[in-house]
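Student:
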Amino acid sequence: MAGDLDRHTMERAYARWAPIYDAVCGPIFESGRRAATDAAKRAGRRILELGVGTGLSFQDYGPDHEVYGIDLSEPMVARARDRMASGAFPHVKDVQVMDAHDLAFPDGMFDAITAQFVITLVERPERVLDECARVLKPGGEIILVNHLYSEKGLAAAVERWFSKHAHAFGLRPEFPFHRLEAWAANHGGMEVVERRRVALFGVYTLVRFRKRTVADAAPQVFAATG
Ligand SMILES: C[S@@+](CC[C@H](N)C(=O)[O-])C[C@H]1O[C@@H](n2cnc3c(N)ncnc32)[C@H](O)[C@@H]1O
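Mapped onto the UniProt record's numbering, the consecutive letters of the sequence shown carry residue numbers 1 to 226.
(1) Check whether the Cβ atoms of residue 292 and R208 lie closer than 8 Å to each other.
(2) Can you tell me whether Y14 is helix, strand or coil according to DSSP?
(3) Quick one: any contact between the region 80-95 and the region 130-143, if contact means 3 or more CB pairs under 8 Å?
(4) Could you tell me how far apart the beta carbons of L129 and W183 are, in whole angstroms, since I believe they sit closer than 8 Å?
(5) Using the Cβ count rule (16 or more neighbours within 10 Å means buried), how would you classify G69?
(6) Are the region 34-49 and the region 98-116 touching by the rule of at least three beta carbon pairs closer than 8 Å?
(7) Would you check if the distance between the CB atom of F89 and the CB atom of F110 is smaller than 8 Å?
(8) Spatial neighbours of A215 within its chain, please: CB distance less than 7 Å, with the 5 preceding and 5 following residues excluded, ordered by chain position.
(9) Got a sec? Which residues, its chain only, sit under 6 Å from E126 by beta carbon, not counting five neighbours each side?
(10) In its own chain, which residues sit with a C-beta less than 7 Å from the C-beta of T225, not counting the 5 before and 5 after it?
(11) Quick check on E131: does DSSP put it in helix, strand or coil?
(12) Can you check whether the CB of D107 is closer than 8 Å to the CB of R134?
(13) Should A100 be labelled buried (16 or more other beta-carbon atoms within 10 Å of its own) or exposed?
(14) Given the structure, does I70 come close to ligand 1, in the sense that its CB is under 7 Å from one of the ligand's heavy atoms?
(15) Which one of H91, T54, D94, D60 has the shortest CA to CA distance from P75?
(16) With a threshold of 16 other CB atoms inside 10 Å of the CB of N186, please say whether the residue is buried or exposed.
(17) Find the nearest neighbour of I28 within the set E181, H147, R195, judged by alpha-carbon distance.
(18) Contact defined as beta carbons within less than 8 Å: I believe D22 pairs with G51. What is the distance between those atoms, to the nearest angstrom?
(19) What span of residues does the beta strand (DSSP E) with R210 cover, start to end?
(20) According to DSSP, is G140 helix, strand or coil?
(21) Bridge partners of M190, per DSSP?
(22) Between the alpha carbons of V92 and M98, how many angstroms are there, rounded?
Quick look at the structure:
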């Protein structure tokens, strides 16, 4: 798709963001991040965060969860590791520099995968979602939170203008929901189970996908009546 971001732009952008990220983005993203981590906690014990950033979400989890994080940016991961080293987050098991397009985890490892403010930034979102579906257990969930493209009206016009300038900052404001919906429809093993606005003025959208189980695919047998 025209306008997709490449890996080097992203690495350069987040090397610049890393020292100021918590102060600038922490408060802006907090409500969206909390909505995603709440959903992930309901989905199961073992959770992977894609694009974990500086680890702002570590405080949202507790001893009932095992959290793994990956991120493309070394400076962002270094900050997440500093957070882990404080000893305050024993539920965070590992944080690694890794590209979400190629996850070095075995099939079916996680109950939930969250990506807060990440899927609109990756070069090939459908490839990243395929990888998530692979490392997810049957019945598990992918939870995304983002600002998604308005598609019509004044907001859409402003976003189209802004998108021309935004990529150098590691931002892509022109990402529509229908791209996520189309991925699930084509994947077969995944379904969209929730789409809702979150945060002040509904500025972010939370999308949950569920991985189908063998039981979901089995034909339904109904008892004969009468
Ligand atoms: C807007 S920040 C969000 C960080 C964190 N999720 C939060 O809510 O604070 C986006 C993060 O995605 C990471 N990222 C971008 N592309 C990535 C990729 N292909 N694989 C892994 N991480 C990626 C960036 O390095 C950055 O840390």
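Note that the Cβ used here is the ideal one computed from N, Cα and C, for glycine as well.
Tutor: Walking through what the data contain:
(1) A query on residue 292 cannot be resolved here, the shown segment of the chain reaching from 1 to 226 and no further.
(2) Taking the first residue of the sequence shown as 1, we reach residue 14 at position 14. In the structure shown, Y14 sits in a helix (DSSP, three-state: H, G or I).
(3) no
(4) Walking along the sequence shown from the start, residue 129 turns up at place 129. Walking along the sequence shown from the start, residue 183 turns up at place 183. The beta carbons of L129 and W183 sit about 5 Å from each other, so the pair counts as a contact at 8 Å.
(5) Residue 69 sits at position 69 when you count from the first residue of the sequence shown. With 16 or more other Cβ atoms within 10 Å, it is buried.
(6) yes
(7) Translated into the one-based positions of the sequence shown, residue 89 becomes position 89. Translated into the one-based positions of the sequence shown, residue 110 becomes position 110. Going by C-beta atoms, F89 is not nearer than 8 Å to F110.
(8) Residue mapping note: residue 215 aligns to position 215 of the sequence shown, counting from 1. Excluding sequence neighbours, A215 sits near nothing in its chain.
(9) Numbered from its first residue, the sequence shown carries residue 126 at position 126. Counting only Cβ-Cβ distances below 6 Å, and skipping sequence neighbours, we find W183.
(10) Against the sequence shown, residue 225 aligns to sequence position 225. Bear in mind that the predicted position of T225 carries a pLDDT of just 49, short of 50, making it unreliable; the figure below should be weighed with that in mind. Contacts found: none.
(11) As a working note, residue 131 is residue 131 in the sequence shown. DSSP places E131 in helix when its eight states are reduced to three.
(12) Taking the first residue of the sequence shown as 1, we reach residue 134 at position 134. Taking the first residue of the sequence shown as 1, we reach residue 107 at position 107. Yes, the Cβ-Cβ distance between R134 and D107 is below 8 Å.
(13) Taking the first residue of the sequence shown as position 1, residue 100 is located at position 100. Answer is buried; the Cβ neighbour count reaches 16.
(14) The residue labelled residue 70 in the question sits at position 70 within the sequence shown. It does: the Cβ of I70 is within 7 Å (strictly closer) of some heavy atom of ligand 1.
(15) As a first step, residue 75 is located in the sequence shown; it is residue number 75 there, counting from the start. Checked all of H91, T54, D94, D60; the closest Cα to P75 is T54.
(16) The count along the sequence shown starts at 1 and reaches residue 186 at position 186. Classification for N186: exposed.
(17) Counting from one through the sequence shown, the residue named residue 28 turns up at place 28. For I28, the nearest C-alpha among the options comes from H147.
(18) Working through the sequence shown from its first residue, we reach residue 22 at position 22. Working through the sequence shown from its first residue, we reach residue 51 at position 51. That pair is no contact at about 15 Å.
(19) Position 210 of the sequence shown holds residue 210. First-last of the beta strand (DSSP E) with R210: 204-211.
(20) Translated into the one-based positions of the sequence shown, residue 140 becomes position 140. The answer is strand: DSSP assigns G140 an E or B state.
(21) Position 190 of the sequence shown, counted from the first residue, corresponds to residue 190. In DSSP, M190 forms a bridge with K211.
(22) Residue mapping note: residue 92 aligns to position 92 of the sequence shown, counting from 1. Residue mapping note: residue 98 aligns to position 98 of the sequence shown, counting from 1. When rounded, the distance between both Cα atoms is 16 Å.
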